[in-house]
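In my numbering, the protein residues as written are 1 to 261. Written out below as C-alpha cells is the structure these notes cover.
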Ligand code: NAI
C-alpha cells in the first residue's frame, strides 16, 4: 500500500523541537511541502529543522503563536498564498501544566487551555476555510493518553486534552460535508523536554515503563508513522476518532506481569 504524500501542503504546529520537529521531518521525507509553526526557532544547524539530509523536501519555518488569533491568521494565510492551499494540518503544539487542583494558579490554567485547546481551535478555524474551498483536507490533533486516563496532578493538562477530543469530534461532523477528516491521537510517553522522562532516576523510569504493554519509551517516529497514514488518501473514511498510540498503556491492569516483573 502506497501512502503517497508527495507535494501535499502540510502545516505542523509546535515543530521547533520534540515530537513536532520529527513529524515535520518525516512528512518532508515523504515528499510533502512542510511548514513548521512555532513561537521561536533555534538555529537551523542545531535542530536540522531547515532540512534533514536525505529528506525529500526541506521544512519551511514560520513564527506563529497558536494561541494568538492574529498571529495564526497571518501565518496560515502566508502558507496558503505561497502554496495555493493547505492539505494537512497537524495541531501538535501543546504545553504541560503540572499541579494539583488546589495549587494550579488560575493564570496557568488559562494558559494551558489557551494553547492546548485554543490553539487547536484557532488553527483549525483558519485552515478549514482554505480546505473547504478545495473540498478536501486532513486535520489531525494532538490529544494525549491523559485524555483517556488522567494522572494525579494533571488536572489542567488532562482536561485540556479531553477538550481537544470533543472539539475533534464536533469539527469532524461539521467538515464531513466537505470531505475533510478530523482526527485526534493519544501518544503515551515520548521522552522530550516537556516531560524529562529519560532523565528520571531509573526506579522512576521503571515504574512508568511498567504501565506499558510494549515496555519501551515511545519514539516520535511511532507517532509520525500513525500521522502519515491518517494524512494519506488511504485514511479517507476515518474521521472523528481518537487513536491510541501509547504502546498499550494500561491495556491491562498490570501489563508488567507479561514482562516477568
Ligand atoms: P515539547 O514541549 O517538546 O514541544 C512543544 C513545542 O510546541 C515546542 O517547540 C514549543 O515551543 C511549541 N509551542 C508551545 N506553545 C506554543 C504556542 N503557543 N504556539 C506555537 N508553538 C508553541 O512537547 P512534545 O513532548 O514534543 O509534545 C508535543 C505534543 O504532543 C503536545 O501537544 C503534547 O501535549 C503531546 N503529547 C506529548 C506526549 C509526550 O510523551 N511527549 C504524550 C502525549 C501527548
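Beta carbons are placed, not taken as given, at the ideal position from N, Cα and C, and that holds for glycine. This structure is a prediction, so every number in the text was calculated from the model and none was measured.
Kindly indicate which residue of the options has the alpha-carbon position closest to the one of residue i.
i, options, result
"residue 79", "43, 109, 118, 33", "33"
"residue 90", "15, 4, 155", "15"
"residue 63", "106, 12, 85", "12"
"residue 218", "77, 145, 58", "145"
"residue 268", "40, 59, 115", "Because residue 268 is not part of the residues shown, which for the chain are 1 to 261, the question remains open."
"residue 39", "27, 71, 99, 24", "71"
"residue 76", "163, 58, 126", "126"
"residue 99", "113, 82, 152, 93", "152"
"residue 220", "248, 206, 189, 196", "189"
"residue 246", "206, 222, 83, 174", "222"
"residue 178", "104, 121, 136", "136"
"residue 121", "102, 147, 92", "92"
"residue 87", "195, 21, 180, 207", "180"
"residue 252", "213, 35, 261, 24", "213"
"residue 132", "103, 96, 174, 97", "174"
"residue 236", "105, 176, 254", "176"
"residue 83", "227, 230, 228, 35", "35"
From the DSSP secondary-structure annotation, give me the bridge partner or partners of residue i.
i, result
"residue 137", "180"
"residue 91", "141"
"residue 59", "34"
"residue 244", "186"
"residue 314", "Because residue 314 is not part of the residues shown, which for the chain are 1 to 261, the question remains open."
"residue 10", "34, 88"
"residue 212", "249"
Once the 5 residues before and after residue i are set aside, which same chain residues still bring their CB inside 6 Å of it?
i, result
"residue 168", "141, 182, 184"
"residue 259", "215"
"residue 209", "215"
"residue 26", "224"
"residue 244", "186"
"residue 256", "210"
"residue 67", "114, 115, 118, 119"
"residue 94", "116, 142"
"residue 191", "197, 198, 217"
"residue 97", "108, 112, 156, 157"
Apart from the five residues just before and just after residue i, which ones in its own chain have a Cβ nearer than 8 Å to its Cβ?
i, result
"residue 171", "124, 128, 139, 182"
"residue 6", "30, 31, 32, 56"
"residue 65", "39, 71, 72"
"residue 193", "17, 18"
"residue 101", "155"
"residue 232", "3, 4, 5"
"residue 248", "212, 213, 214, 255"
"residue 228", "3, 5, 26, 27, 30"
For residue i, which residues of its own chain have a beta-carbon under 7 Å away from its beta-carbon, when the five flanking residues on both sides are left out?
i, result
"residue 85", "9, 130, 134"
"residue 250", "149, 211"
"residue 143", "161, 164, 165, 184, 185, 186, 242"
"residue 261", "210"
"residue 22", "220, 221, 224"
"residue 1", "234"
"residue 54", "Confidence at residue 54 is low in this model, with a pLDDT of 47, below 50, so its placement is unreliable and the value that follows should be read with caution. Once the five neighbours on either side are set aside, residue 54 has no close Cβ partner at all."
"residue 45", "Model confidence at residue 45 stands at a pLDDT of 49, short of 50, so the residue's coordinates are unreliable; what they give is reported in the following sentence. There are no such residues."
Quick check: does the Cβ of residue i come within less than 6 Å of any heavy atom belonging to the ligand FAD?
i, result
"residue 245", "Absent from the structure shown: the ligand FAD. Ligands present: the ligand NAI."
Do we get a CB-CB distance below 7 Å when we pair residue i with the residues of chain B?
i, result
"residue 179", "Protein chain content of the structure displayed is limited to a single chain, and chain B is not contained in it."
Indicate whether the contact test is met: 3 or more Cβ pairs, each with one atom in the region 156–167 and one in the region 191–202, closer than 8 Å.
Too few Cβ pairs lie closer than 8 Å, so no.
Contact between the region 224–243 and the region 107–127: three or more CB pairs below 8 Å?
no
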